[in-house]
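In what follows, a single structure is set out as structure tokens and then discussed.
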Amino acid sequence: MIQSPERLCKQLDLRFHDQRLLQQALTHRSARGANNERLEFLGDSILGFLIAEALYQRFPQADEGVLTRLRAGLVNQSSLAGLARDFDLGDYLVLGAGELKSGGYRLDSVLSDALEAMLGALYLDQGMDACRQWVLRLYADKLAGLSLDSWRKDPKTRLQEWLQARAMALPEYRQLSAEGPPHRRVFTVECRVAACSEPAVASGPSCKNAEQQAAQKILDRLADEAGKPL
Numbered sequence: 001m002i003q004s005p006e007r008l009c010k011q012l013d014l015r016f017h018d019q020r021l022l023q024q025a026l027t028h029r030s031a032r033g034a035n036n037e038r039l040e041f042l043g044d045s046i047l048g049f050l051i052a053e054a055l056y057q058r059f060p061q062a063d064e065g066v067l068t069r070l071r072a073g074l075v076n077q078s079s080l081a082g083l084a085r086d087f088d089l090g091d092y093l094v095l096g097a098g099e100l101k102s103g104g105y106r107l108d109s110v111l112s113d114a115l116e117a118m119l120g121a122l123y124l125d126q127g128m129d130a131c132r133q134w135v136l137r138l139y140a141d142k143l144a145g146l147s148l149d150s151w152r153k154d155p156k157t158r159l160q161e162w163l164q165a166r167a168m169a170l171p172e173y174r175q176l177s178a179e180g181p182p183h184r185r186v187f188t189v190e191c192r193v194a195a196c197s198e199p200a201v202a203s204g205p206s207c208k209n210a211e212q213q214a215a216q217k218i219l220d221r222l223a224d225e226a227g228k229p230l
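Heads up, the sequence shown is in full-length UniProt numbering, so the first residue is 1 and it goes up one at a time.
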């Protein structure tokens with residue numbers, strides 16, 4: 001059963017003047033009527049800017065390369081989907097019958113797109129200041145836990161170095177699928193390492209991007225086991 005959008009707003013301490021914008025943001029393209037693709041496009045740009053702004057202010061000594069890596073670690077499909085799961089966003093999505101039957105409301109790609117679409121809808125409804133306040137609330141814990149030392153290298157490099165330091169085999173990446181039209185291709189890959197019993201699976205707009213996200217998932221698992229960031 002799809003939960004009420006009003007319940008979602010209450011949970012997130014948000015208030016939309018135009019409820020139709022929120023409803024559109026929560027509607028996947030597989031469902032009939034206006035969907036969230038255009039809002040996701042808008043929200044993606046807004047999120048990238050607001051996180052860049054927050055990082056610029058938080059790390060005044062960091063150069064462009066470090067800031068870019070920091071932003072990539074925060075604004076990616078896996079990270080967004082994790083935030084969406086924190087408030088059960090999948091329970092509020094409107095999906096077509098096929099997508100619903102296949103469990104689309106659990107997919108990282110669907111959840112991350114919907115979260116960005118909500119941000120796009122909020123911008124159209126209330127402007128940039130409201131978006132900034134919400135994004136800073138959403139990312140408060142992640143921003144507070146950032147360390148320049150642990151984010152200077154991309155996830156694949158950090159994972160490889162972590163394994164090499166322990167004389168362990170290097171990660172194995174395997175492409176599982178490549179779906180969608182050429183201009184919106186979605187690649188899904190898995191990453192296997194001896195230190196984890198199960199592979200990490202991630203999707204992205206390129207094989208390289210998906211591999212980076214899968215490597216980050218492995219790093220997150222290892223960090224959870226170690227009780228500290230890697």
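Where a beta carbon is used, it is the ideal one built from N, C-alpha and C, also for glycine.
Please read these numbers as outputs of a predicted model, since none were measured by experiment.
Close-in-space but distant-in-sequence residues of the same chain around residue i (CB under 8 Å, 5 per side omitted)
i, result
"residue 54", "135, 136, 139, 143"
"residue 153", "69, 161"
"residue 141", "none"
When the options are compared against residue i, the one with the closest alpha-carbon
i, options, result
"residue 73", "212, 172, 223", "212"
"residue 75", "225, 221, 209, 226", "209"
"residue 217", "121, 119, 159", "159"
"residue 203", "187, 194, 59, 195", "187"
"residue 58", "184, 21, 148", "148"
"residue 46", "128, 103, 113", "128"
"residue 41", "124, 105, 168, 102", "124"
"residue 225", "206, 196, 214", "196"
"residue 155", "23, 66, 16, 90", "66"
"residue 62", "146, 157, 167", "146"
"residue 79", "167, 157, 103, 48", "48"
Contacting residues, own chain, Cβ-Cβ under 7 Å from residue i (five flanking each side not counted)
i, result
"residue 6", "none"
"residue 175", "187, 189, 207"
CB of residue i within 8 Å of CB of residue j, strictly
i, j, result
"residue 94", "residue 34", "no"
"residue 171", "residue 193", "yes"
"residue 52", "residue 36", "no"
"residue 28", "residue 110", "yes"
"residue 14", "residue 132", "no"
"residue 84", "residue 115", "yes"
"residue 121", "residue 219", "no"
Through-space distance from residue j to residue i, alpha-carbon basis
i, j, result
"residue 96", "residue 81", "20 Å"
"residue 222", "residue 198", "12 Å"
"residue 3", "residue 38", "23 Å"
"residue 19", "residue 164", "52 Å"
"residue 1", "residue 88", "Note that residue 1 scores a pLDDT of 46, beneath 50, so its modelled location is shaky and nothing firm can be said."
"residue 112", "residue 99", "16 Å"
"residue 77", "residue 108", "6 Å"
"residue 126", "residue 227", "40 Å"
"residue 177", "residue 11", "36 Å"
"residue 169", "residue 215", "14 Å"
"residue 205", "residue 90", "21 Å"
"residue 64", "residue 157", "18 Å"
"residue 105", "residue 86", "14 Å"
"residue 60", "residue 166", "34 Å"
Whole-number beta carbon distance between residue j and residue i, since they are thought to touch under 8 Å
i, j, result
"residue 117", "residue 43", "5 Å"
Same chain only: Cβ atoms within 6 Å of residue i, ignoring 5 sequence neighbours per side
i, result
"residue 8", "92"
"residue 180", "186"
"residue 173", "189, 191, 211"
"residue 16", "22, 125"
8 Å Cβ cutoff, residue i in contact with chain C
i, result
"residue 169", "Note that chain C does not occur in the displayed structure, where there is just one protein chain."
Cβ-heavy atom distance, residue i to the ligand ZN, below 7 Å
i, result
"residue 129", "In the structure shown, the ligand ZN is absent, as is every other ligand, since no ligand is present at all."
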